[in-house]
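In our numbering, the protein residues as written are 5 to 500. All C-beta atoms in this analysis are idealised placements derived from N, C-alpha and C, irrespective of residue type, glycine included. Note that the structure is a prediction, hence the values are computed from the model and not measured.
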(Lines of atoms letter the chains of each structure in order from A and count residues from 1; the text may use other names and numbers.)
(Lines give C-alpha, C1' and ligand atoms only; values in the text may rest on other atoms or scores of the structure.)
Protein backbone atom coordinates (compact mmCIF):
# COMPACT_ATOMS: atom_id res chain seq x y z
CA UNK A 1 0.00 0.00 0.00
CA UNK A 2 1.38 3.42 -0.91
CA UNK A 3 0.47 6.76 0.59
CA UNK A 4 1.77 10.21 -0.20
CA UNK A 5 1.42 13.72 1.12
CA UNK A 6 -1.22 15.96 -0.37
CA UNK A 7 -3.61 13.03 -0.84
CA UNK A 8 -1.90 12.02 -4.07
CA UNK A 9 -0.42 8.66 -4.95
CA UNK A 10 1.37 8.22 -8.23
CA UNK A 11 -0.08 5.33 -10.19
CA UNK A 12 3.25 4.68 -11.88
CA UNK A 13 6.15 6.22 -13.70
CA UNK A 14 5.69 8.62 -16.57
CA UNK A 15 5.99 7.68 -20.21
CA UNK A 16 9.34 7.69 -21.98
CA UNK A 17 10.25 10.39 -24.43
CA UNK A 18 8.82 10.25 -27.93
CA UNK A 19 10.93 9.53 -30.95
CA UNK A 20 11.28 11.71 -34.01
CA UNK A 21 14.61 13.54 -33.37
CA UNK A 22 16.20 14.52 -36.67
CA UNK A 23 19.09 12.35 -37.82
CA UNK A 24 22.54 13.88 -37.38
CA UNK A 25 25.97 12.99 -38.58
CA UNK A 26 29.02 12.39 -36.41
CA UNK A 27 31.78 14.94 -36.09
CA UNK A 28 29.67 17.62 -37.79
CA UNK A 29 29.80 15.94 -41.22
CA UNK A 30 26.87 16.65 -43.56
CA UNK A 31 24.57 13.69 -44.06
CA UNK A 32 22.14 15.24 -46.56
CA UNK A 33 21.90 18.02 -49.12
CA UNK A 34 20.35 21.13 -47.51
CA UNK A 35 16.78 21.59 -48.68
CA UNK A 36 16.42 18.07 -50.06
CA UNK A 37 13.40 16.08 -48.92
CA UNK A 38 12.50 12.54 -47.92
CA UNK A 39 9.03 11.02 -47.86
CA UNK A 40 7.89 10.02 -44.38
CA UNK A 41 4.87 8.30 -42.89
CA UNK A 42 4.29 7.21 -39.29
CA UNK A 43 0.83 5.68 -39.72
CA UNK A 44 -0.11 2.04 -39.52
CA UNK A 45 1.31 -0.28 -42.20
CA UNK A 46 -0.98 -0.57 -45.20
CA UNK A 47 -2.80 2.73 -44.60
CA UNK A 48 -0.56 5.10 -46.57
CA UNK A 49 -2.34 6.34 -49.69
CA UNK A 50 -5.74 5.02 -48.56
CA UNK A 51 -8.54 7.62 -48.30
CA UNK A 52 -7.08 10.71 -46.56
CA UNK A 53 -3.95 9.00 -45.25
CA UNK A 54 -0.97 10.54 -47.03
CA UNK A 55 2.76 10.73 -46.54
CA UNK A 56 4.55 13.87 -45.45
CA UNK A 57 8.06 15.12 -46.03
CA UNK A 58 11.24 15.64 -44.02
CA UNK A 59 13.49 18.47 -45.18
CA UNK A 60 17.25 18.45 -44.79
CA UNK A 61 18.43 21.14 -42.37
CA UNK A 62 20.38 24.13 -43.72
CA UNK A 63 23.67 22.82 -42.33
CA UNK A 64 23.11 19.35 -43.80
CA UNK A 65 23.38 17.74 -40.38
CA UNK A 66 20.14 15.80 -40.69
CA UNK A 67 16.47 15.88 -41.55
CA UNK A 68 13.83 17.86 -39.72
CA UNK A 69 10.52 16.52 -38.47
CA UNK A 70 7.92 14.90 -40.69
CA UNK A 71 5.41 17.54 -41.81
CA UNK A 72 2.23 17.36 -43.86
CA UNK A 73 1.42 13.72 -43.20
CA UNK A 74 -2.13 12.59 -42.46
CA UNK A 75 -2.46 9.36 -40.51
CA UNK A 76 -5.45 7.23 -39.61
CA UNK A 77 -7.83 7.88 -36.73
CA UNK A 78 -10.65 5.95 -35.09
CA UNK A 79 -13.41 4.94 -37.48
CA UNK A 80 -16.48 7.09 -36.79
CA UNK A 81 -19.41 4.75 -37.35
CA UNK A 82 -21.80 7.71 -37.79
CA UNK A 83 -20.16 8.78 -41.08
CA UNK A 84 -19.26 7.17 -44.42
CA UNK A 85 -15.71 8.53 -44.28
CA UNK A 86 -12.82 6.08 -44.03
CA UNK A 87 -11.13 7.61 -40.98
CA UNK A 88 -9.05 4.51 -40.21
CA UNK A 89 -7.90 4.20 -43.84
CA UNK A 90 -8.67 0.50 -44.15
CA UNK A 91 -10.38 0.84 -47.53
CA UNK A 92 -13.96 0.98 -46.29
CA UNK A 93 -15.84 3.87 -44.72
CA UNK A 94 -18.23 1.77 -42.72
CA UNK A 95 -18.20 -0.05 -39.40
CA UNK A 96 -19.59 -3.55 -39.22
CA UNK A 97 -23.29 -3.35 -38.28
CA UNK A 98 -24.63 -5.18 -35.23
CA UNK A 99 -25.30 -8.88 -35.71
CA UNK A 100 -28.74 -8.42 -34.18
CA UNK A 101 -30.81 -6.23 -31.86
CA UNK A 102 -33.97 -7.03 -29.91
CA UNK A 103 -36.41 -4.94 -27.90
CA UNK A 104 -37.59 -6.08 -24.48
CA UNK A 105 -40.94 -4.65 -23.50
CA UNK A 106 -44.67 -5.04 -23.09
CA UNK A 107 -47.60 -2.97 -21.86
CA UNK A 108 -45.52 -1.29 -19.13
CA UNK A 109 -42.01 0.10 -18.77
CA UNK A 110 -38.98 -2.20 -18.78
CA UNK A 111 -35.22 -1.86 -18.65
CA UNK A 112 -32.29 -4.23 -19.19
CA UNK A 113 -29.63 -3.55 -16.57
CA UNK A 114 -26.84 -6.08 -17.14
CA UNK A 115 -25.73 -8.88 -19.47
CA UNK A 116 -23.36 -11.86 -19.30
CA UNK A 117 -22.39 -14.58 -21.80
CA UNK A 118 -21.55 -18.28 -21.48
CA UNK A 119 -18.96 -20.27 -23.41
CA UNK A 120 -21.50 -21.20 -26.10
CA UNK A 121 -22.40 -17.57 -26.81
CA UNK A 122 -25.77 -17.61 -25.05
CA UNK A 123 -26.63 -14.33 -23.32
CA UNK A 124 -28.19 -13.86 -19.89
CA UNK A 125 -29.94 -10.54 -19.28
CA UNK A 126 -31.46 -9.10 -16.12
CA UNK A 127 -33.38 -5.95 -15.31
CA UNK A 128 -36.89 -4.99 -14.24
CA UNK A 129 -40.35 -4.63 -15.77
CA UNK A 130 -43.93 -3.66 -14.95
CA UNK A 131 -47.12 -5.11 -16.40
CA UNK A 132 -46.95 -7.97 -18.89
CA UNK A 133 -43.98 -8.77 -21.12
CA UNK A 134 -43.19 -11.62 -23.48
CA UNK A 135 -39.56 -11.89 -24.52
CA UNK A 136 -40.35 -14.86 -26.75
CA UNK A 137 -40.56 -17.63 -24.16
CA UNK A 138 -44.06 -16.92 -22.85
CA UNK A 139 -45.66 -14.03 -20.94
CA UNK A 140 -44.39 -12.75 -17.60
CA UNK A 141 -46.74 -10.70 -15.41
CA UNK A 142 -45.50 -8.45 -12.61
CA UNK A 143 -47.23 -8.77 -9.26
CA UNK A 144 -47.72 -5.04 -8.75
CA UNK A 145 -44.74 -2.78 -9.34
CA UNK A 146 -41.24 -3.51 -10.61
CA UNK A 147 -40.36 -7.20 -10.75
CA UNK A 148 -37.01 -8.79 -11.54
CA UNK A 149 -36.60 -10.59 -14.86
CA UNK A 150 -33.95 -13.04 -16.00
CA UNK A 151 -33.76 -13.89 -19.70
CA UNK A 152 -31.62 -16.40 -21.61
CA UNK A 153 -31.06 -15.75 -25.32
CA UNK A 154 -29.35 -18.01 -27.84
CA UNK A 155 -26.40 -16.66 -29.91
CA UNK A 156 -28.86 -15.32 -32.52
CA UNK A 157 -30.96 -13.41 -30.00
CA UNK A 158 -33.89 -15.84 -29.70
CA UNK A 159 -35.36 -16.45 -26.25
CA UNK A 160 -34.62 -19.84 -24.68
CA UNK A 161 -36.31 -19.21 -21.34
CA UNK A 162 -37.28 -16.35 -19.07
CA UNK A 163 -37.99 -16.04 -15.34
CA UNK A 164 -39.84 -13.53 -13.17
CA UNK A 165 -39.04 -12.93 -9.50
CA UNK A 166 -41.14 -10.57 -7.45
CA UNK A 167 -43.94 -9.79 -5.03
CA UNK A 168 -46.33 -6.90 -4.49
CA UNK A 169 -43.53 -5.11 -2.64
CA UNK A 170 -41.60 -2.17 -4.14
CA UNK A 171 -37.97 -1.81 -5.15
CA UNK A 172 -37.46 -5.17 -6.87
CA UNK A 173 -34.91 -4.97 -9.68
CA UNK A 174 -32.04 -6.97 -11.12
CA UNK A 175 -28.96 -4.77 -11.50
CA UNK A 176 -25.94 -7.09 -11.97
CA UNK A 177 -25.21 -10.50 -13.46
CA UNK A 178 -22.18 -12.77 -13.93
CA UNK A 179 -21.50 -16.43 -14.76
CA UNK A 180 -18.97 -18.92 -13.45
CA UNK A 181 -17.01 -21.40 -15.58
CA UNK A 182 -19.84 -23.97 -15.30
CA UNK A 183 -22.47 -21.53 -16.53
CA UNK A 184 -24.06 -20.99 -13.13
CA UNK A 185 -25.75 -17.60 -12.87
CA UNK A 186 -25.00 -15.00 -10.19
CA UNK A 187 -27.68 -12.34 -9.96
CA UNK A 188 -27.64 -9.17 -7.87
CA UNK A 189 -30.14 -6.42 -7.22
CA UNK A 190 -32.48 -4.78 -4.74
CA UNK A 191 -35.75 -5.59 -2.98
CA UNK A 192 -38.08 -3.99 -0.45
CA UNK A 193 -41.18 -4.55 1.69
CA UNK A 194 -44.24 -2.30 1.84
CA UNK A 195 -45.29 -2.47 5.49
CA UNK A 196 -48.53 -0.68 4.60
CA UNK A 197 -49.87 -3.57 2.53
CA UNK A 198 -52.75 -5.51 4.04
CA UNK A 199 -52.12 -8.33 4.46
CA UNK A 200 -48.31 -7.82 4.63
CA UNK A 201 -46.38 -9.46 1.81
CA UNK A 202 -43.25 -11.55 2.43
CA UNK A 203 -39.99 -10.42 0.80
CA UNK A 204 -38.92 -11.69 -2.61
CA UNK A 205 -38.20 -15.42 -2.96
CA UNK A 206 -35.82 -16.83 -5.59
CA UNK A 207 -36.55 -20.44 -4.67
CA UNK A 208 -34.82 -20.78 -1.31
CA UNK A 209 -37.45 -19.02 0.80
CA UNK A 210 -38.20 -15.32 1.39
CA UNK A 211 -35.12 -13.17 1.89
CA UNK A 212 -34.55 -11.52 5.29
CA UNK A 213 -36.16 -8.23 6.27
CA UNK A 214 -36.57 -5.88 9.21
CA UNK A 215 -38.90 -2.91 9.52
CA UNK A 216 -35.99 -0.50 10.01
CA UNK A 217 -35.00 -1.02 6.36
CA UNK A 218 -36.26 0.83 3.32
CA UNK A 219 -34.53 -1.34 0.74
CA UNK A 220 -32.16 -4.31 0.81
CA UNK A 221 -29.72 -5.98 -1.59
CA UNK A 222 -29.71 -9.57 -2.82
CA UNK A 223 -27.18 -12.02 -4.24
CA UNK A 224 -28.57 -15.17 -5.85
CA UNK A 225 -26.88 -18.16 -7.48
CA UNK A 226 -28.88 -20.18 -10.00
CA UNK A 227 -27.89 -23.14 -12.16
CA UNK A 228 -27.67 -22.72 -15.97
CA UNK A 229 -31.41 -23.48 -16.26
CA UNK A 230 -32.38 -20.84 -13.70
CA UNK A 231 -32.94 -23.14 -10.72
CA UNK A 232 -32.10 -21.91 -7.22
CA UNK A 233 -28.75 -22.84 -5.64
CA UNK A 234 -28.39 -20.19 -2.93
CA UNK A 235 -29.64 -16.69 -2.12
CA UNK A 236 -28.48 -14.01 0.30
CA UNK A 237 -30.14 -10.80 1.49
CA UNK A 238 -28.25 -7.84 2.93
CA UNK A 239 -29.89 -5.25 5.21
CA UNK A 240 -28.42 -1.80 5.87
CA UNK A 241 -31.05 -0.08 8.02
CA UNK A 242 -32.89 3.06 6.98
CA UNK A 243 -30.73 3.98 4.00
CA UNK A 244 -32.54 5.85 1.20
CA UNK A 245 -31.00 3.88 -1.66
CA UNK A 246 -29.49 0.39 -1.70
CA UNK A 247 -28.41 -1.69 -4.67
CA UNK A 248 -25.89 -4.25 -5.82
CA UNK A 249 -23.66 -1.92 -7.81
CA UNK A 250 -21.67 -4.75 -9.33
CA UNK A 251 -20.60 -8.36 -8.92
CA UNK A 252 -17.80 -10.48 -10.29
CA UNK A 253 -17.16 -14.23 -10.33
CA UNK A 254 -13.77 -15.95 -10.33
CA UNK A 255 -12.68 -19.11 -12.09
CA UNK A 256 -13.09 -21.13 -8.87
CA UNK A 257 -16.69 -19.98 -8.47
CA UNK A 258 -16.00 -17.44 -5.74
CA UNK A 259 -17.87 -14.15 -6.05
CA UNK A 260 -17.30 -10.53 -5.08
CA UNK A 261 -20.23 -8.17 -4.60
CA UNK A 262 -20.25 -4.38 -4.24
CA UNK A 263 -23.31 -2.93 -2.51
CA UNK A 264 -23.79 0.84 -2.52
CA UNK A 265 -26.13 2.38 0.03
CA UNK A 266 -26.72 6.08 0.58
CA UNK A 267 -28.35 8.26 3.21
CA UNK A 268 -29.06 11.98 3.22
CA UNK A 269 -25.42 13.09 3.31
CA UNK A 270 -23.18 10.09 2.82
CA UNK A 271 -22.56 6.98 0.74
CA UNK A 272 -21.51 3.55 1.92
CA UNK A 273 -19.63 0.97 -0.13
CA UNK A 274 -19.64 -2.62 1.10
CA UNK A 275 -17.58 -5.24 -0.73
CA UNK A 276 -18.33 -8.85 0.27
CA UNK A 277 -16.89 -12.11 -1.04
CA UNK A 278 -18.40 -15.60 -0.98
CA UNK A 279 -17.19 -19.09 -1.75
CA UNK A 280 -18.84 -21.24 -4.42
CA UNK A 281 -21.42 -22.57 -1.93
CA UNK A 282 -22.43 -19.08 -0.79
CA UNK A 283 -20.40 -19.04 2.42
CA UNK A 284 -19.13 -15.61 3.47
CA UNK A 285 -15.34 -15.25 3.19
CA UNK A 286 -14.36 -11.63 3.84
CA UNK A 287 -15.39 -8.07 3.15
CA UNK A 288 -14.77 -4.41 3.95
CA UNK A 289 -16.70 -1.14 4.09
CA UNK A 290 -16.00 2.46 3.09
CA UNK A 291 -18.21 5.29 4.31
CA UNK A 292 -17.78 8.45 2.26
CA UNK A 293 -19.22 11.94 2.14
CA UNK A 294 -19.93 13.15 -1.35
CA UNK A 295 -22.40 15.14 -3.40
CA UNK A 296 -21.33 13.14 -6.45
CA UNK A 297 -23.43 10.18 -7.58
CA UNK A 298 -22.00 6.90 -6.24
CA UNK A 299 -19.68 5.16 -8.68
CA UNK A 300 -17.84 1.90 -8.28
CA UNK A 301 -17.26 -1.58 -9.66
CA UNK A 302 -15.51 -4.84 -8.82
CA UNK A 303 -13.61 -7.35 -10.98
CA UNK A 304 -11.69 -10.58 -10.43
CA UNK A 305 -8.57 -11.71 -12.24
CA UNK A 306 -7.48 -15.23 -13.21
CA UNK A 307 -5.87 -15.83 -9.78
CA UNK A 308 -9.00 -14.87 -7.86
CA UNK A 309 -7.66 -11.47 -6.80
CA UNK A 310 -10.35 -8.83 -6.34
CA UNK A 311 -10.11 -5.39 -7.97
CA UNK A 312 -12.20 -2.57 -6.51
CA UNK A 313 -12.77 0.89 -8.01
CA UNK A 314 -14.83 3.65 -6.44
CA UNK A 315 -15.43 7.38 -6.43
CA UNK A 316 -14.61 8.16 -2.83
CA UNK A 317 -15.35 11.48 -1.12
CA UNK A 318 -13.91 11.56 2.39
CA UNK A 319 -14.62 15.25 2.96
CA UNK A 320 -12.28 18.11 3.72
CA UNK A 321 -11.81 17.17 7.37
CA UNK A 322 -10.01 13.95 6.50
CA UNK A 323 -8.27 15.01 3.30
CA UNK A 324 -7.67 18.34 1.52
CA UNK A 325 -8.39 16.70 -1.82
CA UNK A 326 -12.06 16.08 -0.93
CA UNK A 327 -12.65 13.50 -3.71
CA UNK A 328 -10.51 10.42 -4.32
CA UNK A 329 -9.86 8.31 -7.39
CA UNK A 330 -9.69 5.00 -5.48
CA UNK A 331 -8.54 1.66 -6.94
CA UNK A 332 -7.27 -1.29 -4.93
CA UNK A 333 -6.32 -4.92 -5.45
CA UNK A 334 -6.77 -7.63 -2.80
CA UNK A 335 -5.69 -11.24 -2.83
CA UNK A 336 -8.24 -14.10 -2.46
CA UNK A 337 -7.94 -13.87 1.35
CA UNK A 338 -8.66 -10.13 1.39
CA UNK A 339 -5.13 -8.82 1.98
CA UNK A 340 -4.45 -5.51 0.20
CA UNK A 341 -1.81 -5.99 -2.51
CA UNK A 342 -1.81 -2.38 -3.67
CA UNK A 343 -3.90 0.75 -3.35
CA UNK A 344 -4.04 3.79 -5.63
CA UNK A 345 -5.48 7.05 -4.31
CA UNK A 346 -5.37 10.10 -6.55
CA UNK A 347 -6.64 13.59 -5.98
CA UNK A 348 -6.38 17.04 -7.45
CA UNK A 349 -5.17 20.34 -6.00
CA UNK A 350 -4.70 20.51 -2.26
CA UNK A 351 -6.04 23.29 -0.07
CA UNK A 352 -7.12 26.06 -0.11
CA UNK A 353 -8.97 25.18 -3.34
CA UNK A 354 -11.50 22.49 -2.40
CA UNK A 355 -13.96 23.22 -5.19
CA UNK A 356 -14.48 20.29 -7.56
CA UNK A 357 -11.05 18.78 -7.08
CA UNK A 358 -9.99 15.15 -6.96
CA UNK A 359 -11.37 12.43 -9.19
CA UNK A 360 -13.58 9.39 -9.50
CA UNK A 361 -12.95 5.79 -10.48
CA UNK A 362 -16.11 4.55 -12.17
CA UNK A 363 -15.39 1.04 -13.44
CA UNK A 364 -12.67 -1.59 -13.36
CA UNK A 365 -11.91 -4.60 -15.55
CA UNK A 366 -9.05 -6.98 -16.28
CA UNK A 367 -7.72 -8.07 -19.67
CA UNK A 368 -6.52 -11.60 -20.61
CA UNK A 369 -3.07 -10.84 -19.12
CA UNK A 370 -4.59 -9.59 -15.84
CA UNK A 371 -3.69 -5.99 -16.62
CA UNK A 372 -6.06 -3.61 -14.86
CA UNK A 373 -8.31 -1.19 -16.74
CA UNK A 374 -10.05 1.67 -14.95
CA UNK A 375 -12.57 4.15 -16.36
CA UNK A 376 -12.78 7.41 -14.48
CA UNK A 377 -13.14 11.15 -14.42
CA UNK A 378 -10.87 13.97 -13.31
CA UNK A 379 -12.43 16.58 -11.05
CA UNK A 380 -9.13 18.43 -10.84
CA UNK A 381 -5.67 18.18 -12.34
CA UNK A 382 -4.03 14.95 -11.25
CA UNK A 383 -1.44 12.70 -12.81
CA UNK A 384 -1.99 8.99 -13.44
CA UNK A 385 1.63 8.64 -14.55
CA UNK A 386 1.52 10.03 -18.08
CA UNK A 387 1.05 13.72 -17.34
CA UNK A 388 -1.66 15.89 -15.75
CA UNK A 389 -5.29 15.24 -16.71
CA UNK A 390 -7.35 18.46 -16.79
CA UNK A 391 -10.47 18.85 -14.67
CA UNK A 392 -13.65 17.57 -16.27
CA UNK A 393 -11.84 14.95 -18.38
CA UNK A 394 -13.09 11.38 -18.72
CA UNK A 395 -10.46 8.73 -19.32
CA UNK A 396 -9.46 5.08 -19.25
CA UNK A 397 -6.14 4.02 -17.72
CA UNK A 398 -4.32 0.71 -18.16
CA UNK A 399 -2.11 -0.59 -15.34
CA UNK A 400 -0.02 -3.73 -14.99
CA UNK A 401 -1.05 -6.52 -12.58
CA UNK A 402 1.29 -4.83 -10.06
CA UNK A 403 -0.48 -1.50 -10.47
CA UNK A 404 2.19 0.19 -12.58
CA UNK A 405 1.02 2.79 -15.08
CA UNK A 406 1.06 1.67 -18.74
CA UNK A 407 -1.04 4.24 -20.61
CA UNK A 408 -4.19 6.32 -20.46
CA UNK A 409 -6.48 7.82 -23.07
CA UNK A 410 -8.91 10.70 -22.75
CA UNK A 411 -12.19 9.10 -23.83
CA UNK A 412 -15.70 9.11 -22.32
CA UNK A 413 -15.22 6.67 -19.47
CA UNK A 414 -18.21 5.37 -17.52
CA UNK A 415 -17.68 1.66 -18.21
CA UNK A 416 -14.83 -0.48 -19.51
CA UNK A 417 -14.37 -4.10 -20.63
CA UNK A 418 -11.63 -6.01 -22.45
CA UNK A 419 -12.02 -8.71 -25.08
CA UNK A 420 -10.00 -11.90 -25.57
CA UNK A 421 -7.42 -10.07 -27.72
CA UNK A 422 -6.83 -7.40 -25.10
CA UNK A 423 -8.77 -4.74 -26.97
CA UNK A 424 -10.45 -2.21 -24.69
CA UNK A 425 -14.06 -1.07 -25.07
CA UNK A 426 -15.14 2.07 -23.23
CA UNK A 427 -18.71 3.34 -22.86
CA UNK A 428 -19.70 6.84 -21.82
CA UNK A 429 -21.04 10.18 -22.96
CA UNK A 430 -23.41 8.60 -25.48
CA UNK A 431 -20.52 6.88 -27.25
CA UNK A 432 -18.91 3.46 -27.47
CA UNK A 433 -15.17 3.50 -28.24
CA UNK A 434 -12.90 0.56 -29.05
CA UNK A 435 -9.14 0.78 -28.49
CA UNK A 436 -6.50 -1.81 -29.21
CA UNK A 437 -4.27 -3.21 -26.47
CA UNK A 438 -1.81 -0.33 -26.89
CA UNK A 439 -4.53 2.31 -26.60
CA UNK A 440 -4.83 3.16 -30.30
CA UNK A 441 -8.40 4.02 -31.31
CA UNK A 442 -10.12 1.53 -33.63
CA UNK A 443 -13.69 2.81 -33.93
CA UNK A 444 -16.30 5.00 -32.30
CA UNK A 445 -20.09 4.59 -32.26
CA UNK A 446 -22.49 7.22 -30.97
CA UNK A 447 -26.07 6.88 -29.69
CA UNK A 448 -29.08 9.16 -29.75
CA UNK A 449 -30.33 10.79 -26.57
CA UNK A 450 -33.31 8.39 -26.49
CA UNK A 451 -30.98 5.46 -25.73
CA UNK A 452 -29.80 4.81 -22.18
CA UNK A 453 -27.05 2.20 -22.35
CA UNK A 454 -26.26 0.23 -19.21
CA UNK A 455 -22.73 0.44 -17.89
CA UNK A 456 -22.70 -3.36 -17.60
CA UNK A 457 -21.70 -4.64 -21.03
CA UNK A 458 -19.79 -7.81 -21.85
CA UNK A 459 -17.49 -9.31 -24.47
CA UNK A 460 -17.38 -12.94 -25.58
CA UNK A 461 -16.53 -15.27 -28.48
CA UNK A 462 -13.28 -13.64 -29.63
CA UNK A 463 -14.50 -10.08 -29.44
CA UNK A 464 -18.28 -10.05 -29.75
CA UNK A 465 -19.75 -7.22 -27.68
CA UNK A 466 -23.20 -7.27 -26.05
CA UNK A 467 -24.79 -4.02 -24.92
CA UNK A 468 -28.07 -3.61 -23.02
CA UNK A 469 -30.14 -0.73 -21.68
CA UNK A 470 -33.42 1.02 -22.36
CA UNK A 471 -34.82 3.30 -25.06
CA UNK A 472 -37.84 5.34 -26.10
CA UNK A 473 -39.43 5.87 -29.50
CA UNK A 474 -37.79 4.21 -32.50
CA UNK A 475 -34.05 3.54 -32.64
CA UNK A 476 -31.79 1.64 -35.03
CA UNK A 477 -28.40 0.34 -33.93
CA UNK A 478 -27.79 -0.80 -37.52
CA UNK A 479 -29.64 -4.13 -37.57
CA UNK A 480 -33.10 -2.68 -38.20
CA UNK A 481 -35.44 -0.37 -36.28
CA UNK A 482 -36.70 -1.13 -32.78
CA UNK A 483 -39.85 0.60 -31.53
CA UNK A 484 -40.76 0.97 -27.86
CA UNK A 485 -44.32 1.07 -26.56
CA UNK A 486 -43.15 3.48 -23.87
CA UNK A 487 -39.76 2.83 -22.36
CA UNK A 488 -38.43 -0.63 -23.24
CA UNK A 489 -35.23 -2.55 -22.76
CA UNK A 490 -32.89 -3.63 -25.54
CA UNK A 491 -30.06 -6.04 -26.31
CA UNK A 492 -27.71 -5.48 -29.24
CA UNK A 493 -24.63 -7.49 -30.25
CA UNK A 494 -21.71 -6.13 -32.28
CA UNK A 495 -19.15 -8.30 -34.10
CA UNK A 496 -15.43 -7.97 -33.36
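Within the same chain, Cβ atoms closer than 7 Å to the Cβ of residue 488 are found at 107, 109, 475, 476 and 477, the five residues on either side in sequence being excluded. Per the Cβ contact rule, the region 262 to 270 is in contact with the region 305 to 317 (3 or more Cβ pairs under 8 Å).
Per DSSP, the beta bridge partners of residue 476 are 491.
In this structure, residue 482 places its C-beta atom within 9 Å of the C-beta atom of residue 101. By the neighbour-count definition (other C-beta atoms within 10 Å, threshold 16), residue 150 is a buried residue. Partner residues in the beta bridge of residue 83, as assigned by DSSP, are 447. The closest CA to that of residue 443, considering only 222, 378 and 457, is found on 378. Unbroken beta strand (DSSP E) stretches of 3 residues or longer found wholly inside the region 399 to 457: 409 to 413, 419 to 422, 428 to 432, 435 to 439, 445 to 450 and 455 to 457, given in chain order. Given a length threshold of 3 residues, each whole run of the beta strand (DSSP E) inside the region 76 to 155 is given here in chain order: 104 to 108, 114 to 121, 127 to 133, 136 to 138 and 143 to 145.
Distance between residue 76 and residue 65, taken at the CA atoms: about 17 Å. Assigned with DSSP and collapsed to three states, residue 346 falls in strand.
Contact between residue 118 and residue 472 holds, since their C-beta atoms are separated by about 7 Å, short of 8 Å. The beta carbon of residue 460 is closer than 6 Å to those of 118 in its chain, skipping five residues each way along the sequence.
In the structure shown, the three-state DSSP call for residue 193 is strand. Residue 128 and residue 192 have their C-alpha atoms roughly 13 Å apart. By the neighbour-count definition (other C-beta atoms within 10 Å, threshold 16), residue 199 is an exposed residue. Around the beta carbon of residue 83, 16 or more other beta carbons lie within 10 angstroms, which makes this residue buried. DSSP, reduced to helix, strand and coil, places residue 217 outside both helices and strands of the structure shown, so it counts as coil. The straight-line gap separating the alpha-carbon atoms of residue 165 and residue 134 is approximately 18 Å. Counted as a single uninterrupted DSSP element, the beta strand (DSSP E) harbouring residue 367 occupies residues 363 to 370. About 5 Å separates the Cβ atoms of residue 331 and residue 383, confirming a contact at the 8 Å cut-off. Counting other Cβ atoms within 10 Å of its Cβ, residue 288 stays below 16 and is therefore classed as exposed. Residue environment analysis places residue 160 among the exposed positions, since fewer than 16 neighbouring C-beta atoms fall within 10 angstroms of its C-beta. By the beta-carbon neighbour count (other beta carbons within 10 angstroms, threshold 16), residue 270 is buried. Classified as buried, residue 334 has 16 or more neighbouring CB atoms from the shown chains inside 10 Å of its CB. In this structure, the CA atom of residue 396 is about 45 Å from the CA atom of residue 214. A straight-line Cα-Cα distance of about 15 Å links residue 205 and residue 222. Secondary structure of residue 167 (DSSP, three-state): strand. Counting C-beta pairs with one atom in each stretch, the region 309 to 316 and the region 339 to 346 have three or more that are closer than 8 Å, which means they touch.
In the DSSP assignment, residue 210 is bridged to no other residue. If you draw a straight line from the Cα of residue 186 to the Cα of residue 232, it comes to about 8 Å. 398 is the residue among 416, 428, 398 and 500 whose C-alpha sits nearest the C-alpha of residue 362. About 18 Å separates the Cβ atoms of residue 57 and residue 85, ruling out a contact at the 8 Å cut-off.
A distance below 8 Å between beta-carbons, with the five flanking residues on each side excluded, links residue 163 to the following residues of its chain, in chain order: 139, 140, 141, 155, 156 and 157. Residue state for residue 485 is assigned as strand, using DSSP reduced to three classes. Following the DSSP letters along the chain, one finds residue 44 inside the beta strand (DSSP E) bounded by residues 41 to 44.
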